[in-house]
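> Below is a structure I'd like to ask you about.
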Amino acid sequence: MHSMMLEKGFTLKSEEEIAALKATKEAEKKAEADERIRKSIERQKMRRKQEAARKEEKEAARKEAEEARAREALLSEEERAALKAERKAEEEKKIREIQEINEKRRQIRELQKAAKEKAQKVGEEL
Numbered sequence: 061m062h063s064m065m066l067e068k069g070f071t072l073k074s075e076e077e078i079a080a081l082k083a084t085k086e087a088e089k090k091a092e093a094d095e096r097i098r099k100s101i102e103r104q105k106m107r108r109k110q111e112a113a114r115k116e117e118k119e120a121a122r123k124e125a126e127e128a129r130a131r132e133a134l135l136s137e138e139e140r141a142a143l144k145a146e147r148k149a150e151e152e153k154k155i156r157e158i159q160e161i162n163e164k165r166r167q168i169r170e171l172q173k174a175a176k177e178k179a180q181k182v183g184e185e186l
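Residues in the sequence shown are numbered consecutively from 61, following this note's numbering.
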C-alpha cells in the first residue's frame with residue numbers, strides 16, 4: 061500500500077508535518093476571523109460618525125430655524141407680510157420651473173414617439 065502511494069506521487073507526512081499543517085490552517089482561519097471583526101468594527105465606527113454628522117446637521121438646522129423665527133418675531137407686521145409674499149413668490153417660481161421641465165420632458169417624449177413611428181414606417185416600406 062505504501063509503495064503504491066509513493067508510485068502515484070503521494071508522500072507520507074510525519075505527525076509533526078501534519079500538526080504543522082493543521083496549526084497553519086488554524087492560524088489562517090483565526091487571521092480571517094480577526095479581519096472580519098476588524099472590518100465590522102470599522103463599519104460600526106463609520107456608522108457612528110455618519111450618525112453624529114446627521115445629528116449635528118439636524119441640530120444646526122433646528123437652531124437656524126429657531127433663529128429665523130426669532131428674527132421674524134421682531135419684524136413689523138408689514139415686514140412679515142413682505143417676507144411672506146417673497147417666500148410665496150419664490151415657491152411659485154420653483155413650481156413654474158418644475159412645470160416647464162415637465163412640459164419639456166413631455167415634448168421630448170412626443171418627439172421620440174414620432175421618431176419611433178417614422179422609423180417603423182420606413183422599416184416597413186423597405
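Just so you know, even glycine gets a beta-carbon here, dropped at the ideal spot from N, CA and C. Note that the structure is a prediction, hence the values are computed from the model and not measured.
Check this for me: beta carbons of E132 and R122, under 9 Å apart or not?
Stepping through the sequence shown from its first residue, residue 132 is reached at position 72. Stepping through the sequence shown from its first residue, residue 122 is reached at position 62. It is not a contact, given that the beta carbons lie outside the stated cut-off.
> Helix, strand or coil for L135? Go by DSSP, reduced to three states.
If you number the sequence shown from 1, residue 135 lands on position 75. Coil, per DSSP.
> Output the distance between the C-alpha atoms of R166 and R156, rounded to the nearest integer angstrom.
Against the sequence shown, residue 166 aligns to sequence position 106. Against the sequence shown, residue 156 aligns to sequence position 96. Each residue's Cα considered, the two are about 15 Å apart.
> Kindly give me the distance between the Cβ atoms of L143 and L134, rounded to whole angstroms, as I take these residues to be in contact under 8 Å.
For the purposes of this step, residue 143 is taken as the residue at position 83 of the sequence shown. For the purposes of this step, residue 134 is taken as the residue at position 74 of the sequence shown. So it is not a contact: roughly 12 Å between Cβ atoms.
> Could you check the C-alpha separation between K173 and I158 for me, to the nearest Å?
In the sequence shown, the residue the question calls residue 173 occupies position 113. In the sequence shown, the residue the question calls residue 158 occupies position 98. About 22 Å.
> Measuring straight from C-alpha to C-alpha, what distance separates A175 and A113?
On the sequence shown, residue 175 is found 115 positions in, with the first residue counted as 1. On the sequence shown, residue 113 is found 53 positions in, with the first residue counted as 1. Answer to the nearest angstrom: the Cα atoms are 49 Å apart.
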